[in-house]
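Heads up, the thing below is written out as C-alpha cells.
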Amino acid sequence: MTRVNVSLLVLIACVAALPLFGGAYALRLGTIACMYSILALSWNVVGGFAGYPSFATAAFFGFGAYATGVLMNDGLPLWLSVVIAAAAALLLAALLGAVLLRLRGHYFAIASLSLVEVLRELVNNATDLTGGGMGLNIPLVAGSSVMSDATFFFYAMWGLFLATALMVMAVASSKLGFGLACIRQNETASSMVGLNTTFYKSLAFGLSACFVSAAGGVYAACVHYIDPSDVFDILYSVKPIVMALMGGLGSPLGVACGAFLYLGLEEVVWRNYVQIHTGVLGLLIVMLLLFLPHGLISLRPGRFRRRAKHV
Amino acid sequence: MHAAQILINALVLGCLYACIAIGFSLVWGVLNVINLIHGSFIVLGAYLAFALYYLLHLSPWYAVVVAAPLFFVLGYLLQRLILNRVITAPVLVTLTLTFGLDLILNNAMIYFFRADYRKLTLAPPLGSISILGVVVPVDRLIATASALALTGILYLLLRRSRVGRAIVAVRLDRDAAVLMGVDVKSIYAIAFGLGAALAGCAGVVMALIFPISPLTSSGYLGKAFVVCVLGGLGSVSGALAGGLLLALVAGVGSTFFGPSHATTLSFVLLIIFLILRPQGLLGRKGFE
Amino acid sequence: MSEILHLHNVSRHFSGLQALRKVTLSVEKGEVLGLIGPNGAGKTTLVNTICGVTPANSGTIIFDSADITGIKTYQAARRGLSRTFQVVQPFAEFTALDNVAAAALFSRPGESLKSSREQAKAYLAFVGLDAQAGQSAATLTLAMRKRLELAKALAMRPKLLFLDEVNAGLNSAEVERATGLIHQLAAQGITIVMIEHLMKVVLNVCTRIAVLHNGALIADGAPRDVIRNPAVVEAYLGQQYAQRNASHG
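Shown next, in the form of C-alpha cells:
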C-alpha cells in the first residue's frame, strides 16, 4: 500500500466523521463532495489512466439517475435500484466503449459528448417511462426527519466514494492499470506486445461508468425529483475534468483533493456571486488551465509527482 | 408537405447551417482547436444586429459590415493572448479551456442582456414568395443569399489571397508551412479571428430569422459540430455538403418521426459518421 | 527443416497503390531470412500484413501450421510473432524495465506484473541495457532505444522475429554490436526475418535472401546468388547498369 493510497484512505475516513460535527447544511455539502469525488475518480480511469478525454460522465450520471428513479417507482428498494443501475451502466458503457473508443482525440471527445445529448433526448421523448420533460418524481426512502434523511444519504454517497476509491486503487496497481498506462503512452506499441486494447479500454470505460451511474441514482433519490436537462447536464461531464486537472491527472489522491477543493470554491462563489457564478467558474477553469496545467499535485516537491499512473 | 417543399426547405436551411459551421470548421481544421465559444459568438453577433436595428435604426446589412472587423479583432486577440498558450496541449486542455471561456461569455450575456428571447422583426415585414407551389419566406431567402455570400467570400479569400493560401498551407501541413516561411503563430491568430468574424456575421444573418437568446448558443454549437463531422473539416465545400446533408436528414426525419426527434437524429447521425467515416463526406483523414 | 511461415499470393493495396503483389514466400524454422529491396518496395508493408497491422486484401498466411490471415495485431503477438519498428515505439514515460516487462506481461496469458519485471531484467542484460533499467525510455539514446526495442521483442518469447532496419541510424561500432546480438539469437534457434539495407550485415548474418521490388518478390535464394541476379541489380541500380554488368559477366 503506497503512501499516496494511505493518504487517500485517511482522507476518506476523516470525511466519514462529518455527521458528528456538522448540521444539515454541512451534511449536504459533504454529500456533494463525495459525489464530486466519485465522478472525478471515475473519470480519471478513462481520462487519466487511459488518456481518452471522455465527456460522457453526464450521460451515465443521468442514466443512473433515471434508471434508479424508474426502478424505485416500480417498487424496488433504493439499494437494489442503484445496484441494477450500476450494473446496467457497466454493461452499456462496455458495449458503447468497444465502438466509441476506436476514435481518438477530438473525435472521441465529441462522440462522448454526443452520447450525453442523445441520451437526454431519448429520455425526453420516452415520456411514458420517464415522464419526459415534465420530470420524474422519486419516492421517499429513509426516516422522517430532515436530519436522518441527510445523514442517510451522506453515508450512502460516502459508501460509494469509498467503493470508487478502492476500485481506482485496485485498477491502478493491477495489470489493467498497467495496460491502460501502456495504451495512454503508445497504443500501437501496446497492441504489438499482445495487449487487447479494445478489451482494456472497454473495461475501463465500463468501470468509469458504473460508479457514476450509482452516484446518479443516489442523487436522484436524495433530491426526489429529476428532469432530463437537470441530470444530463454537460457540466456533470466538465466539472469532473476540471477537478481532475486541478488535483493532478492520474493521481487518485490528487483527484479527490481536487474535487473537494473545487466544491469549496463553488460554494463560496455560489453564495457570493449567484448571478455570475457560471462566469466565475469559467474564469477559474481558464486560470487553472493557463497557469496550473498539471494540477495542484505538481506543486508538491517531487513526492507525489505525476508518474506512469499506477500508484 | 410535398417533396419539392421539403427539398427547398432543406436547401435553405442547409445554407444557413453551412454559414453557422464555416467559422467553426475553419478553426478546427487549421488550429486543430474545437472552439466551444463559437455558439456564443453567433449569439453575440445576433445581439449586435438587434441592437443596431432597434437603437440606431441601422438595417442588418450594416450590422454585417460592423460585425466582421469587430469580431475579427476579438477572435484575434483571444487567440493571441490566451489560446496560443495552450496550442500544443492535448485535446482535453483546449476543449476545457474554450468551454471555460464560453461559460464566461455566455454568463456575461445572460447577465447583461437577460435570457428572454428577443426577435428582430423587420418593419415592414418582407412576407413570402411562392414559386410553382413552393413557399419561401423572403427573409429566409435573403438570409440564405447572405449565408452563401459569406461562404463565397471565405472561399475566394482562401483561394486568392496571400493570407488565405497561407491558412490553407498551415491546414494541410503545419510543419511544411513553417519550412516555407509562414508565420504560423500569426496565421493561427488570423484564422481564429476569421472564424470569429464568420460567427459574428452568421449571427447577424440568423437574427433575421431565429429568436435571439444566450440559451440558443449551445444549439448553434451542436449544429456546427454535426455539420463539420458530416461534411469534413476546414473547407467551404465541406461545410456546404455537411449543412445540406444535415438539413435534408432533419427535414425528412421531421416529416416521418416528428420534429421533436430532430436533434436526436442529428446526433445519432453524428455518431454514425464518427464511427464509419470520421473525415466526413469531403474531408481528409487525420484531423484528430 | 520445417516451414514456420508460408505466404501464398498475398496482396495488399492502399487506395489504388498496389503495395504487395501476390507475394508467395516460405520461411524455414531457424533460418535468418534477409528481406531486401529498394525503398518503397513493400518490405515494411509485408511485415505489417503478417503481423495484422494492415490485413491482406487477398491471399493466405500460414504461421506455425495455423491460418493467421486477417488476425488482429495483439493476437499475432500472442501467437509468437514479434517485431521491432523502424521508428522505435517505446512507452516513453515508463522505465526501460517496465517497457520490457510490458512485452513479457501481455504477450503471454497468466503472467503477473511482478514476474514480468523479474524476467525483464534478464532481457535487458542480454541487450546490454541493465544499467539503464531504471531510466525512463525517453532519456535513452537512439542506439539504446533500438536495443530496448529488441529486448521488448525478445521478451515476448517469439517463434518468429521481424527486425525492421535495426541498424538504421547506428554508427559502425553499434552495428557490429547489433549484428553480434543477432548471431546469438540465431544460435538460440529463433527464426529471424530482417529488413535491412546494409549489405555487409545481410551477407554476414542471413542464410537466405528474398528481394522485393514494387510489391513483388523478384528473387529468393542464397545470398551470393541473389546479389548477382540481374533482376535484383536492375531493381537497385537501373536497367543500364544491369545490362552493363551482365555484359561484363
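Residue numbers (this note's numbering), protein chains in the order written: chain A, 11 to 321; chain B, 124 to 411; chain C, 2 to 250. Yeah, the Cβ is synthetic: ideal placement off N, Cα and C, and Gly gets one too.
Within 10 angstroms of its Cβ, does residue i collect 16 or more other Cβ (buried), or is it exposed?
{"i": "A:C24", "result": "exposed"}
{"i": "C:A164", "result": "Ala is not the amino acid found at residue 164 of chain C; the sequence shown has Leu there. Buried, because 16 or more other Cβ atoms sit within 10 Å of the Cβ of C:L164."}
{"i": "B:F164", "result": "buried"}
{"i": "A:W89", "result": "exposed"}
{"i": "C:Q185", "result": "exposed"}
{"i": "B:E411", "result": "Low confidence applies here, because B:E411 scores a pLDDT of 35, under 50, leaving its location unreliable and the question unanswered by this model."}
{"i": "B:N158", "result": "buried"}
{"i": "C:G250", "result": "Residue placement at C:G250 is poorly supported in this model, since its pLDDT is 46, which falls under 50; the coordinates still yield a value, given next. Exposed."}
{"i": "C:K115", "result": "exposed"}
{"i": "A:R281", "result": "exposed"}
{"i": "C:I183", "result": "buried"}
{"i": "B:H125", "result": "exposed"}
{"i": "A:N54", "result": "buried"}
{"i": "C:E166", "result": "buried"}
{"i": "B:L197", "result": "buried"}
{"i": "B:H180", "result": "exposed"}
{"i": "B:L283", "result": "Looking at the sequence itself, residue 283 of chain B is Arg, so the reference to Leu does not match. B:R283 comes out exposed."}
{"i": "A:L30", "result": "exposed"}
{"i": "A:Q285", "result": "exposed"}
Return the first residue and the last residue of the alpha helix (DSSP H) that residue i is part of.
{"i": "C:V11", "result": "Counting along the chain, C:V11 falls outside any alpha helix (DSSP H), though it belongs to the beta strand (DSSP E) covering 4-15."}
{"i": "C:E175", "result": "173-188"}
{"i": "B:H161", "result": "161-178"}
{"i": "B:I227", "result": "214-236"}
{"i": "A:L298", "result": "287-301"}
{"i": "B:L392", "result": "385-399"}
{"i": "A:G115", "result": "115-135"}
{"i": "A:V279", "result": "262-282"}
{"i": "A:A36", "result": "34-54"}
{"i": "C:E35", "result": "In the sequence as displayed, the identity of residue 35 of chain C is Gly instead of Glu. From DSSP, C:G35 is part of no alpha helix (DSSP H) but of the beta strand (DSSP E) over 33-37."}
DSSP on residue i, reduced to helix/strand/coil?
{"i": "C:M195", "result": "strand"}
{"i": "B:V257", "result": "strand"}
{"i": "A:A254", "result": "helix"}
{"i": "A:Y235", "result": "strand"}
{"i": "B:H125", "result": "coil"}
{"i": "B:K308", "result": "helix"}
{"i": "C:G250", "result": "Unreliable positioning characterises C:G250 in this predicted model, as indicated by a pLDDT of 46, which lies under 50. The coordinate reading is nonetheless provided below. Three-state DSSP puts C:G250 in coil, outside helix and strand."}
{"i": "B:G409", "result": "Its pLDDT being 42, under 50, B:G409 is placed unreliably in this model, and the value from its coordinates should be taken loosely. Here B:G409 sits in coil by DSSP."}
{"i": "A:R313", "result": "Low confidence applies to A:R313: its pLDDT is 40, below 50, so where it sits in the model is not reliable, and the reading given next is rough at best. Coil at A:R313, not helix or strand."}
{"i": "A:I203", "result": "In the sequence on display, residue 203 of chain A carries Val and not Ile. Residue state, collapsed to three classes: coil."}
{"i": "B:L181", "result": "coil"}
{"i": "A:S218", "result": "helix"}
{"i": "A:A104", "result": "helix"}
{"i": "C:V89", "result": "coil"}
{"i": "A:T198", "result": "helix"}
{"i": "C:A67", "result": "strand"}
{"i": "C:G129", "result": "coil"}
What does residue i pair with, by DSSP beta-bridge criteria?
{"i": "C:S27", "result": "C:H7"}
{"i": "C:L164", "result": "C:M195"}
{"i": "C:Q136", "result": "Paired residues: none, contrary to the question."}
{"i": "C:L213", "result": "C:L218"}
{"i": "C:Q19", "result": "C:H14"}
{"i": "B:A335", "result": "In the sequence on display, residue 335 of chain B carries Ile and not Ala. The partner list for B:I335 (beta bridge, DSSP) reads B:R241."}
Which residues of chain A have a Cβ atom closer than 8 Å to the Cβ of residue i, listed in chain order?
{"i": "B:V372", "result": "Neighbours of B:V372 on chain A: none; closest Cβ ~15 Å, over 8 Å."}
{"i": "C:K30", "result": "In chain order: nothing, as chain A lies at least about 21 Å away."}
{"i": "B:F390", "result": "S124, E127, V128, E131"}
Under 6 Å: does the beta carbon of residue i sit that close to some heavy atom of the ligand ATP?
{"i": "A:R194", "result": "Of ligands this structure carries none, so the ligand ATP is not represented either."}
So which residues of chain A does residue i contact, with C-beta pairs closer than 7 Å?
{"i": "C:M157", "result": "V203, G204"}
{"i": "B:H384", "result": "N135"}
Counting only Cβ pairs nearer than 9 Å, list the residues of chain B close to residue i.
{"i": "A:Y46", "result": "Result: empty, since nearest Cβ-Cβ is about 16 Å, beyond 9 Å."}
{"i": "A:I193", "result": "Those within 9 Å of A:I193 in chain B number zero; the least Cβ separation is about 15 Å."}
Which residues mark the beginning and the end of the beta strand (DSSP E) in which residue i is found?
{"i": "C:S83", "result": "82-84"}
{"i": "B:V209", "result": "Counting along the chain, B:V209 falls outside any beta strand (DSSP E), and DSSP gives it neither H nor E."}
{"i": "B:L245", "result": "Unbroken run through B:L245: none, as it is neither H nor E."}
{"i": "C:D99", "result": "From DSSP, C:D99 is part of no beta strand (DSSP E) but of the alpha helix (DSSP H) over 97-108."}
Note down, in chain order, every chain C residue with its Cβ under 8 Å from the Cβ of residue i.
{"i": "A:K185", "result": "L106, S113, L114"}
Could you name the residues of chain A that residue i contacts, counting a contact when the two beta carbons are closer than 9 Å?
{"i": "C:A78", "result": "S201, M202, V203, G204, L205"}
Quick one: list the residues of chain B neighbouring residue i, beta-carbon separation under 7 Å, in chain order.
{"i": "A:G289", "result": "L226, I227, N230, A231"}
Can you pull the chain C neighbours of residue i, defined as C-beta to C-beta under 9 Å?
{"i": "A:G189", "result": "A103, L106, F107"}
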